[in-house]
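Take a look at the structure set out below.
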Amino acid sequence: MTVVSAPGKVTLFGEHAVVYGEPAIAAAINRRVRVEISKRADGAIRVEARDLMLAGFKALLTATGSITLEGESGKVLAALSYVKRAIEVVREAYGVTVGAHIAITSEMPVGAGLGTSAAVAVAVVKAYSLLGGVEITRRECAELGYRVELGVQGSASRMDSTVTSMGGVLYITPRGEEPYRELKVPSSVKGLVVGYVSREASTGEMVARVRRLKEELGEPIDLAIRAIGEVTRKAKASLEKGDVIEVGRLMNVNHGLLEAIGVSTSRLSQMVYAARSAGALGSKITGAGGGGCIIALAPGAEDEVVAALRAVGASAFKVDFSREGVTVEES
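Numbering (the working numbering), first residue to last: 65 to 395.
Put into structure tokens, the structure is as follows:
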């Protein structure tokens, strides 16, 4: 049996603006998806989700591509689609055709804006290629993971698959010669808390919503998007200096701009301000918005922020940055 894991991620700065060529900063976190894989003699692919933070499910993909499902339908199909496409991508790229039993566990909720789908895609790509005798690099995992997300979603950013493959805190420049580089962030930048509520809209729906607003209102939204880019550039310098006060202030500004382009909800705003009232230096949406997650920077006040978020009905947990990208834990 082989075990491969890949981290989730938080977007610290720049979500939505990155779609329009502005920079973003995203970080791998110490919450991971794990994939256990072993060979099957019958050529079929059996998938078991032991814990995707939803009701467990089992699925059987036969050699002909038919699927048998057991479990909660909507999220099951969404999660399974990334697994199925990951298998297809590896088969297309490397000619791997072996049957496999795949068991997936996750320390993060699905569809929350923490990059769980990308982590599943990348971990399955790495695990299934290894099962077929093919060793691929983290960069190759990132590229194939992007193809998986593109195939499932119809449109995708390379950010999530890159962060979960490479690990670390990455400065993403979609129009630069180097699309990303790792930032050297001092250990003084710590005390992250994630708050989570159910999403009301998918990433694709939120991206489309911003695009419509941009088309309808024009310059005001263009200015907000460019302002998010400028905040992200300033945040890069503040993170590298370890200036947590400035990072927190910039997170707050970034959140205000995200509210301006229409991606917050009353529940997300409630969490953002609850975190600040409990001692967070900064807090903001992380991910596409429309529900999902917020991230708070609260060094020394993590427990108070967790309690405040839970008091307003959110799930909440502490996270740290992780330099470990996709990793073979056992083979």
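Just so you know, even glycine gets a beta-carbon here, dropped at the ideal spot from N, CA and C. Note that this is a predicted model, so its numbers are computed, not measured.
In three-state terms, what does DSSP make of residue i?
i: residue 308; result: helix
i: residue 254; result: coil
i: residue 86; result: coil
i: residue 289; result: helix
i: residue 135; result: Interpretation of residue 135 is limited by its pLDDT of 46, a score under 50 that renders its predicted location unreliable; no figure is taken from the coordinates.
i: residue 263; result: coil
i: residue 28; result: Because the chain in this structure spans residues 65 to 395, residue 28 falls outside the shown range and cannot be described.
i: residue 300; result: helix
i: residue 208; result: helix
i: residue 325; result: coil
i: residue 93; result: strand
i: residue 200; result: coil
i: residue 239; result: coil
i: residue 353; result: coil
i: residue 68; result: strand
Near residue i, what residues of its chain come up, given a Cβ to Cβ distance below 8 Å and the 5 sequence neighbours on each side ignored?
i: residue 332; result: 261, 349, 353, 355, 356 and 358
Determine the closest residue to residue i out of the options, with distance taken between C-alpha atoms.
i: residue 365; options: 257, 313 and 317; result: 257
i: residue 377; options: 309, 339 and 384; result: 339
i: residue 254; options: 395, 362 and 381; result: 362
i: residue 80; options: 324, 391, 191 and 94; result: 324
i: residue 266; options: 351, 82, 380 and 393; result: 351
i: residue 167; options: 98, 160 and 281; result: 98
i: residue 244; options: 203, 213 and 283; result: 203
i: residue 271; options: 341, 198, 193 and 218; result: 218
i: residue 384; options: 94, 330 and 65; result: 94
i: residue 316; options: 330, 144 and 296; result: 296
Name the two residues that bound the continuous alpha helix (DSSP H) containing residue i.
i: residue 278; result: 267-281
i: residue 336; result: 330-341
To the nearest angstrom, report how far apart residue i and residue j are at their CA atoms.
i: residue 290; j: residue 89; result: 15 Å
i: residue 71; j: residue 188; result: 13 Å
i: residue 146; j: residue 185; result: 6 Å
i: residue 59; j: residue 104; result: With the chain running from 65 to 395 in the structure shown, residue 59 is simply not present.
i: residue 298; j: residue 320; result: 16 Å
i: residue 110; j: residue 176; result: 25 Å
i: residue 247; j: residue 108; result: 42 Å
i: residue 283; j: residue 273; result: 16 Å
How is the beta strand (DSSP E) around residue i delimited, first residue to last?
i: residue 226; result: Where residue 226 is concerned, there is no enclosing beta strand (DSSP E), although the alpha helix (DSSP H) it sits in stretches over 223-230.
i: residue 379; result: 379-383
i: residue 366; result: Premise fails: residue 366 lies in the alpha helix (DSSP H), 366-375, not in any beta strand (DSSP E).
i: residue 190; result: Where residue 190 is concerned, there is no enclosing beta strand (DSSP E), although the alpha helix (DSSP H) it sits in stretches over 180-195.
Looking only at its chain, what residues have a beta carbon closer than 6 Å to the beta carbon of residue i, apart from the 5 residues adjacent to it on each side?
i: residue 106; result: 163
i: residue 222; result: 210
i: residue 194; result: 66
Who are the near neighbours of residue i in its chain, counting only those whose CB is closer than 7 Å to its CB and skipping five residues on each side?
i: residue 117; result: In this predicted model, residue 117 has a pLDDT of only 47, less than 50, meaning its place in the structure is not dependable; the value taken from the coordinates is given anyway. Closer than 7 Å at Cβ, skipping near neighbours: 170, 172, 173 and 174.
i: residue 343; result: 362, 365, 368 and 369
i: residue 231; result: 71, 92, 386, 387, 388 and 389
i: residue 336; result: 319, 347, 348 and 358
i: residue 328; result: 322, 349 and 353
i: residue 309; result: 345
i: residue 182; result: 209, 213, 224, 225 and 228
i: residue 87; result: 78, 235, 236, 237, 293, 296 and 297
Strictly under 9 Å for the Cβ-Cβ distance: is residue i near chain B by that measure?
i: residue 108; result: The chain inventory of the structure shown lacks chain B, comprising one protein chain alone.
Following a CB-centred definition, is residue i positioned closer than 8 Å to any heavy atom of the ligand HEM?
i: residue 339; result: Among the ligands in the structure shown, none appear at all, so the ligand HEM cannot be discussed.
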